[in-house]
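One structure is given below, encoded as structure tokens.
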């Protein structure tokens, strides 16, 4: 691929995917297990999620960043499903899980540059008619967009169309089917789910007690893993009220993480000018505090 072609992919000049294809890819079919005992059902679910990740990493042009975001979500879902079957699935499951984790982390910087832009977009939407705030947010957003484009160009220059990552996922996808899914029993998934629920509760308690950023982030990861595993199992035992409660919790934890990320971007090595980063930091800190207050209240309901 030439430098010009790479730039087109990164900056969104290349052709877009048809909208109906994007919508289907962003919401893949979700095979459900007929019961917790169905290792075959979990295998199908994990296989579908991993195939979805491979497809999303092939998205081009302006859809590239959304594709990376969707792929990382599917990789996490695949790993959450594998965790339901360990150690019954055999040692191969650990190997696949480690490689999925490593690959997902390799996409983190690409995702982070996009997350900064989307977080600023959301703040712009909430700024309403505050002229000074809008001016600040639009100014730092332009810088964030240039940084995102530059890092995308660098990534695609090293791995055009992310072909190397997709090739590795193809191998892992083949290995996924070879695991000992038939060896899974109801107790394996039930025990794993209970561990995840306990981890989520403990993480929530620790975050509420310490108020430390890392603990809040851990809470989000633990809550997300639990939700992903329930999704994989098609857990019909949870009430609609609990589902609604968990969704609200997940949304608020995600928003809090976005604001914590904005604050991190306002340090001494910030992309933004001193005046802009101080103003953005104050704004994000205020909103983060309010979000965490809502989370504290929601967690006790």
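Numbering (my numbering), first residue to last: 3 to 303. By construction, the Cβ of each residue, glycine as well, lies at the ideal position given by its N, Cα and C atoms.
C-beta atoms of residue i and residue j nearer than 8 angstroms
i: residue 41; j: residue 186; result: yes
i: residue 56; j: residue 172; result: yes
i: residue 142; j: residue 274; result: yes
i: residue 227; j: residue 198; result: yes
i: residue 281; j: residue 136; result: no
i: residue 194; j: residue 85; result: yes
i: residue 78; j: residue 259; result: no
i: residue 176; j: residue 44; result: no
i: residue 251; j: residue 300; result: yes
i: residue 150; j: residue 59; result: no
Cα-Cα separation between residue i and residue j, rounded to whole angstroms
i: residue 285; j: residue 140; result: 14 angstroms
i: residue 88; j: residue 103; result: 16 angstroms
i: residue 94; j: residue 181; result: 7 angstroms
i: residue 14; j: residue 174; result: Low per-residue confidence applies at residue 14: pLDDT is 37, beneath 50, and the placement is therefore not dependable, though the value from the model is reported in the following sentence. So the alpha carbons of these two residues sit roughly 30 angstroms apart.
i: residue 130; j: residue 216; result: 31 angstroms
i: residue 247; j: residue 160; result: 43 angstroms
i: residue 153; j: residue 210; result: 36 angstroms
i: residue 107; j: residue 207; result: 27 angstroms
i: residue 261; j: residue 48; result: 31 angstroms
i: residue 232; j: residue 184; result: 20 angstroms
i: residue 28; j: residue 53; result: For residue 28, the pLDDT reaches just 38, beneath the cut-off of 50, and the residue's location in the model is therefore unreliable, although a value from the coordinates is still provided. Cα to Cα, the separation comes out at about 12 angstroms.
i: residue 236; j: residue 148; result: 41 angstroms
i: residue 80; j: residue 158; result: 25 angstroms
Which listed residue (the options) has its alpha carbon closest to that of residue i
i: residue 62; options: 291, 119, 163; result: 163
i: residue 68; options: 82, 112, 297; result: 112
i: residue 201; options: 219, 120, 225; result: 225
i: residue 255; options: 222, 278, 282; result: 222
i: residue 128; options: 105, 271, 268, 257; result: 257
i: residue 214; options: 156, 290, 175; result: 290
i: residue 269; options: 73, 261, 283; result: 283
i: residue 302; options: 203, 276, 267; result: 203
i: residue 114; options: 53, 298, 266; result: 266
i: residue 100; options: 155, 157, 170, 156; result: 170
i: residue 121; options: 144, 132, 105; result: 144
Status (buried if at least 16 other CB within 10 Å, exposed otherwise) for residue i
i: residue 125; result: buried
i: residue 178; result: buried
i: residue 279; result: buried
i: residue 51; result: buried
i: residue 134; result: exposed
i: residue 288; result: exposed
i: residue 97; result: exposed
i: residue 72; result: buried
i: residue 293; result: buried
i: residue 146; result: buried
i: residue 82; result: buried
i: residue 65; result: buried
i: residue 212; result: exposed
i: residue 110; result: exposed
i: residue 37; result: For residue 37, the predicted structure reports a pLDDT of 41, less than 50, and the residue's modelled location is therefore unreliable. The matter cannot be settled from this model.
i: residue 74; result: buried
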